[in-house]
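Taking it in order: structure first as structure tokens, then the write-up.
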């Protein structure tokens, strides 16, 4: 298996590294052993052989001194001192060599012990490596068997995959055909939705035009009502003046009982007509308020229709991207069409109310003319009353 192979490779690399380190340590130990053997050989030399340790300069100096005509007794004191110092240096060198030999022997024993432990570890590693090789061989056999099984399974899966690809191809062809039909259907729905939107826009324009006409009628009625109020105020002032004059004339014409009764009757009639005019004016104001309320309702319905139309346009743009919502836009267009029909009915009923208000205003105008006629008759009566006076 791959983990065992990686472990085997790691162990083999570590083993090669350890062998290189041990080879280097062996070379160093061999060099130290050779050096120590050389020092031991020098330490084991006789006094005659120690002459080699004397430097060539000192040796030449001694030879020149000994080759002189005299004997050792004839040597100078300085020469003897030099020879004594040389012998002392040789003894010190021998002592140092012995100490170094002992140290080298101790280090050699330590190195040999370490080498023995390393050899034992190496043997253990070799045994582990052989075991790992056997395990790797067994795993390779298992892997071969599994590879054969996987090859068989892959062949079966390949056959199944080919069948699935064929089925997918047929399903894709059917899906493409259905999608083409759906696209054609959605395009037809979009066309109908556009036509409905155009119709809704046309009905909206008509509603706006009717609203403008209605607002003009309302303004005209408002101006007429203002004029009627002004005339009503003037008639009230005339009636008040007439009442004052009647009171004044009543005091002056106590004897003219018949004329006074007539004047009182006319005054009562004028008061009744004034009350009727006030009542009709109030009713006219109430109807005007209703017309204003109807106008505000129509404006709100127009705003709602504009919002619905905007939503319908947004849905139509979304339907161009996604054809699944064409049915919803068609329903929204139908709802907008129904609301436009309701608004048309409202607009159809609103001119009737305006005509009724115009008729009431004409009645008020005719009654106002009647009041003016009564006022003129009252002035004639006053003139007649003034004549006897």
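In the working numbering, the protein residues as written are 5 to 393. Note that beta-carbon positions come from the ideal geometry of N, C-alpha and C, so glycine has one too. Given the structure is predicted, the values throughout are model-derived calculations rather than measurements.
Counting the other CB atoms within 10 Å of its CB gives residue 253 a total of 16 or more, which places it among the buried residues. Three or more pairs of CB atoms, one per stretch, sit closer than 8 Å, so the stretch 208-221 contacts the stretch 291-311. Within the same chain, and ignoring the five residues on either side of residue 192 in sequence, no residue has its Cβ closer than 6 Å to its Cβ. Considering only 123, 110 and 107, the residue with the shortest C-alpha distance to residue 25 is 123. Rounded to the nearest angstrom, the gap between the Cα atoms of residue 271 and residue 247 is 7 Å. Residue 229 and residue 288 do touch by the CB rule: their CB atoms are close to 6 Å apart, below 8 Å.
A contact is defined here as three or more CB-CB pairs under 8 Å, and the stretch 235-244 meets this definition with respect to the stretch 277-286. At a Cβ-Cβ threshold of 8 Å, residue 299 and residue 250 do not count as neighbours. Within a 10 Å sphere around the beta-carbon of residue 152 sit fewer than 16 other beta-carbons, which makes this residue exposed. Here the alpha carbons of residue 160 and residue 13 stand approximately 36 Å from one another.
Between residue 129 and the set 21, 100 and 148, the nearest pair of CA atoms involves 21. The alpha-carbon separation between residue 156 and residue 178 amounts to approximately 34 Å. In terms of CA proximity to residue 17, 133 leads the group 244, 133 and 154. Residue 273 and residue 286 have their C-alpha atoms roughly 20 Å apart. A direct Cα-Cα distance of roughly 34 Å separates residue 108 from residue 131.
A straight-line Cα-Cα distance of about 39 Å links residue 234 and residue 208.
Distance from the CA of residue 186 to the CA of residue 180, rounded to the nearest whole angstrom, comes to 10 Å. In its chain, beyond the 5 residues on either side, 274 and 278 have a beta carbon closer than 7 Å to the beta carbon of residue 243. Rounded to whole angstroms, residue 166 and residue 146 show a C-alpha spacing of 30 Å. In this structure, residue 201 and residue 317 form a Cβ contact; the two beta carbons are roughly 7 Å apart against a cut-off of 8 Å.
Taking residue 294 as reference, the option from 245, 225, 315 and 320 with the minimal CA-CA separation is 225.
Looking only at 116, 102, 219 and 99, the smallest Cα-Cα distance to residue 31 is reached by 116. Ranked by how close their Cα comes to the Cα of residue 311, the residues 205, 210 and 170 have 205 in first place. In terms of Cα proximity to residue 220, the closest of 118, 296, 321 and 28 is 296. It is roughly 16 Å from the alpha-carbon of residue 291 to the alpha-carbon of residue 302. Around the beta carbon of residue 265, fewer than 16 other beta carbons lie within 10 angstroms, which makes this residue exposed.
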